[in-house]
Amino acid sequence: MNHESSFYKFMCDTLTFCLDLAGLEWKCPHPIPGEGRSYFTEEYGDAVYRHRCAFEEAYRRMVRAIPSKVFLEPVQIMQYLQNGIIGNFNKSTVVQGLFKSCSLLVDTAIFCFRYHRRDLVDGCFHQAIIYLYEEHVGVLFEGDTIGVWQDILITGKQFEYECCPKSMTN
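Sequential numbering from 40 applies to the sequence shown in my numbering.
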C-alpha cells in the first residue's frame, strides 16, 4: 500500500469535510497519487473543525500586519503554512503536530475563501500536504504501520479535548 497516497487522501478528506461544515464547497482538485485507502473518520474531522479557531488570533495579527492583498499570494501562503507546520511540531508528538496542522490548513483555507481566493486552496494546499508528509509525518510510516492510523485518530481526538476550551468541544 502506498502510505503517501493514503495520507494525501486523509488530508484532502479532512479538509473537504471541515470546509463543508463551514458552509464552503471544496473538493481536492489534484488526483490522489497511487491507490491510497481513506482512513478519515467524521469524528476526527469534527475534532479538527472544533479546534480550528485556535489559530484565529494569529490570523487577526497577520491581517493587521500584512495587507490581505500581499498575504494572499501563493508564496506568502506557502511560507505561512510551512512556518505554521514547523511550529505545530515543536514540543508536540508527531500525531499531535499532525492534528494541529490539519486545523491550521482548515483555518487558512477558510481565510482564503473569505477573500474569494479558492485558487490558493486549490494550489498551495497540495504542496503543503506533500511538505507535511515528507518533512514531518512520513517517519510514522517507516516501520510497522498497522496501528499508525488508529494512533492518529485516537491521539488527535484526545489532544483536541485536552487543548480546547470546553465551550468549543460541546
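Note that the Cβ used here is the ideal one computed from N, Cα and C, for glycine as well.
Three-state secondary structure assigned by DSSP to residue i
i, result
"L144", "helix"
"S44", "helix"
"S206", "The pLDDT assigned to S206 is 40, lower than 50, so where the model puts this residue is not dependable; a value taken from the coordinates is nonetheless given after this. Helix at S206."
"L111", "coil"
"A104", "helix"
"C163", "helix"
"I149", "helix"
"I116", "helix"
"G62", "coil"
"C67", "coil"
"H155", "coil"
"G182", "coil"
"Y78", "coil"
"T55", "helix"
"N214", "Residue 214 lies beyond the range of the chain shown here (40 to 209); nothing can be said about it."
"Q197", "helix"
Top-ranked residue by Cα proximity to residue i, from the options
i, options, result
"L60", "S77, D85, A148, P68", "D85"
"D52", "E174, I168, H155, D158", "I168"
"S44", "V176, Q197, D190, T194", "V176"
"V148", "H42, N41, L58, T132", "Looking at the sequence itself, residue 148 is Ala, so the reference to Val does not match. Out of H42, N41, L58, T132, L58 has the C-alpha closest to the C-alpha of A148."
"N41", "L137, I71, S140, L54", "I71"
"F46", "Q197, F180, G186", "F180"
"L137", "C67, W65, R157, E173", "E173"
Check whether residue i and residue j have beta carbons under 8 Å apart
i, j, result
"F56", "S77", "no"
"F152", "L63", "yes"
"T80", "L192", "yes"
"Q189", "M117", "no"
"G162", "P113", "yes"
"S142", "R91", "yes"
"N122", "K139", "no"
Distance between beta carbons of residue j and residue i, contact taken as under 8 Å
i, j, result
"R88", "V145", "First, the residue type needs correcting, since residue 88 is Tyr and not Arg in the sequence shown. The pair is a contact, with the Cβ atoms about 7 Å apart (cut-off 8 Å)."
"V134", "T194", "4 Å"
"L159", "L120", "Contact doesn't hold; Cβ gap of about 10 Å is too wide."
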